[in-house]
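Taking it in order: structure first as structure tokens, then the write-up.
Chains as they are written, first to last, in the working numbering: chain R, 470 to 808; chain A, 300 to 562.
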């Protein structure tokens, strides 16, 4: 079902939704930019159309709405566990197709990897609705098309924000909110070409020798293991569980999980002091392989959705897009030599 | 909350048996089915949670042999018999008895690597399970020998060869690296032998190299991986190597399946 709305009508739609939904979207966080007197674009609660920032990419992805940076798993007191309740109000997120595909990757790890579903992810995820922002032009630093993550049908409502606002409603749950607005045909478009193109190595072309390439050493000297690429990534899902004791008796405690990342030091530490991938170049190699090779081998689709945030946030100006392309070139060159 | 896999269950600590100056075996009450080679996530609220491999189990009891190396194991060593800890699991594939039944089995274990195969050794000492069993065990010094009474009885019954890297004046047994004693195993018909290798990474590396030069087929060799899992259920990412989650697909692997696992 397609509808056409003015900005005022969009605002009255938001007002009507408010009773049952919290709406999140890209917005300005004043003075939170990396430099003094600069703003940061990030995901925030949206109250009106004017809150939305549609011409810039967000610094962080919307993943923390569903998968918080720190989350209590339970509180422990005198031998009993208490799982904290969460706000069960439904959440609608205004986001682009790449990020919807990113949530699909998070769903894959949390809900489909292994026999157990992740209780904490699932209970938030089931209340999430996707309001897709039509993204026909992308931003300067995106490669979603190369990752096949430019399209999705996993949205509840899709919006085109132009002179008028067009809405394509897929989930009937939202029809009552739009009934009364003028109906129209809405043909939602997806971007077909980014300014950056990435060539992903063929699955199967990565050999054990690809792990030893000279190119990884470059990242040992450039990467500082800050983990910004992990925290800004819509698809990075790793975490560490830790306990925080209240008082000295240990009778009350909170077990929580917090984001972890393969790029950070300590991620592979084991009992007794042994660890793996201690060089930053090895971490970069691990991340690269996971995003564009290993995940695909396990789940049949690439983990990276080409949102480009890792490149936007890297303080060392490391380009992941460039890294993938270099790997492709080296692997192809090697293949030629072997023939 | 039984759909919440992170909730651990209470487990009563029945017995603490010191093994060496730094290792002790913690035995808890446990009635869920387990396989050797699997692990539990053991927790002490306030201290944290850690993956611990199962060293033995029978009759409603389960044992884990633990070295005091960190926050959780440190808190475990402060506990006393009768106290309660928390456990969830078992996790991992473990060793499948079926794969080894009827074979000429060699179990080669170094140091704490003995813990995950201890129950397997005990089970397969019953002659009806395997065609033959030889065990080769290596420890750093005589003081590091785990399950000393049982191990010495295995040596006594000629089931096991025991060596220590560095002996002392009181030590009457073998000394030298574990690889020096591989020739004493009966590997005359390597095609008919199945080998399980567990231990520290450097020991595994040299033992595997030696076995392969003796023409033991790769697919007849089994190894167990060690990683510090945070969740045990394929979510946290800590144990992932390539497209493999050690907690879900391992920790026990047939050697050819590990050749592509590069950290």
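Just so it is clear, CB atoms sit at the ideal spot from N, CA and C, and this is done for glycine as well.
Taking DSSP's pairing of strands, which residues face residue 522/A in a bridge?
496/A, 552/A
Examine chain R for any beta-carbon lying closer than 8 Å to the beta-carbon of residue 324/A, and answer yes or no.
no
Through-space distance from residue 451/A to residue 552/R, alpha-carbon basis
48 Å
Taking residue 346/A as the query, report the chain R residues whose CB atoms sit under 9 Å from its CB, ordered along the chain.
712, 714, 719, 722
How about residue 537/A and residue 628/R: are their beta carbons less than 8 Å apart?
no
Terminal residues of the beta strand (DSSP E) in which residue 539/R lies:
539–546
Check whether the Cβ of residue 472/A lies closer than 8 Å to any Cβ atom in chain R.
no
Which whole runs of the beta strand (DSSP E) in the segment 696–777 of chain R are 3 residues long or more, in chain order?
Runs found: 708–715, 721–728.
Does any CB atom of chain A fall closer than 8 Å to the CB of residue 541/R?
no
If you measure between the beta carbons of residue 506/R and residue 497/R, is that distance less than 8 Å?
Not in contact: residue 506/R and residue 497/R (Cβ atoms no closer than 8 Å).
What would DSSP say about residue 496/R, mapped onto helix, strand or coil?
strand
Partners in chain R for residue 562/A, counting only beta-carbon separations shorter than 7 Å:
745, 746
Output the distance between the C-alpha atoms of residue 772/R and residue 759/R, rounded to the nearest integer angstrom.
7 Å
Starting from the beta carbon of residue 304/A, find every residue of chain R whose beta carbon is closer than 7 Å, and list them in chain order.
Going along chain R in sequence order, the residues near residue 304/A (Cβ under 7 Å) are 585, 588.
On the CB-based measure, 16 or more other CB atoms within 10 Å of its CB, does residue 418/A come out buried or exposed?
Around the C-beta of residue 418/A, 16 or more other C-beta atoms lie within 10 Å, and the residue is accordingly described as buried.
Spell out the partners DSSP gives residue 604/R in its beta bridges.
659/R
Neighbour flag for residue 548/R against chain A, beta carbons, 8 Å:
yes
Need the endpoints of the alpha helix (DSSP H) that residue 447/A sits in, please.
447–455
Going by beta carbon distance, what residues of the same chain come within less than 7 Å of residue 664/R, once the five residues before and after it are set aside?
These residues qualify, in order along the chain: 609.
Give me the residue from 757/R, 642/R, 535/R with the minimum Cα distance to residue 597/R.
535/R
When burial is assigned at 16 or more other CB atoms within 10 Å of the CB, is residue 354/A buried or exposed?
buried
Could you give the first and the last residue of the continuous beta strand (DSSP E) run that contains residue 363/A?
360–366 is the span of the beta strand (DSSP E), which, as asked, contains residue 363/A.
Specify the secondary structure class of residue 803/R as computed by DSSP and reduced to three states.
Reduced to three states, the DSSP call for residue 803/R is helix.
Is residue 637/R helix, strand or coil when you go by DSSP?
Here residue 637/R sits in strand by DSSP.
Inter-stretch contact (C-beta, 8 Å, three-pair minimum) for the segment 738–757 of chain R and the segment 552–566 of chain R
no
Within 8 Å, do at least three Cβ pairs link the segment 710–729 of chain R to the segment 534–549 of chain R?
yes
Buried or exposed for residue 669/R, going by 16 or more other Cβ atoms inside 10 Å?
buried
When you compare only the Cα positions, how much space is there between residue 350/A and residue 496/A?
20 Å
Using beta carbons (cut-off 8 Å, strictly below), is residue 526/A in contact with chain R?
Yes, its Cβ sits closer than 8 Å to a Cβ of chain R.
Check each candidate in 680/R, 503/R, 514/R, 769/R and name the one with the smallest Cα separation from residue 491/R.
Of the listed residues, the one whose Cα sits closest to residue 491/R is 514/R.
From the DSSP output, in three-state form, read off residue 474/A for me.
strand
Please report how far the alpha carbon of residue 334/A lies from the alpha carbon of residue 680/R, in whole angstroms.
34 Å
Answer yes or no: do residue 787/R and residue 530/R have a C-beta to C-beta separation smaller than 8 Å?
no
Could you check where the beta strand (DSSP E) with residue 683/R kicks off and where it finishes?
No beta strand (DSSP E) contains residue 683/R, which DSSP labels as neither H nor E.
Close-in-space but distant-in-sequence residues of the same chain around residue 489/R (CB under 8 Å, 5 per side omitted):
Non-local C-beta neighbours of residue 489/R in its own chain, meaning closer than 8 Å and more than five positions away in sequence, comprise 558, 559, ordered along the chain.
Just the Cα atoms here: how many angstroms apart are residue 468/A and residue 499/A?
26 Å
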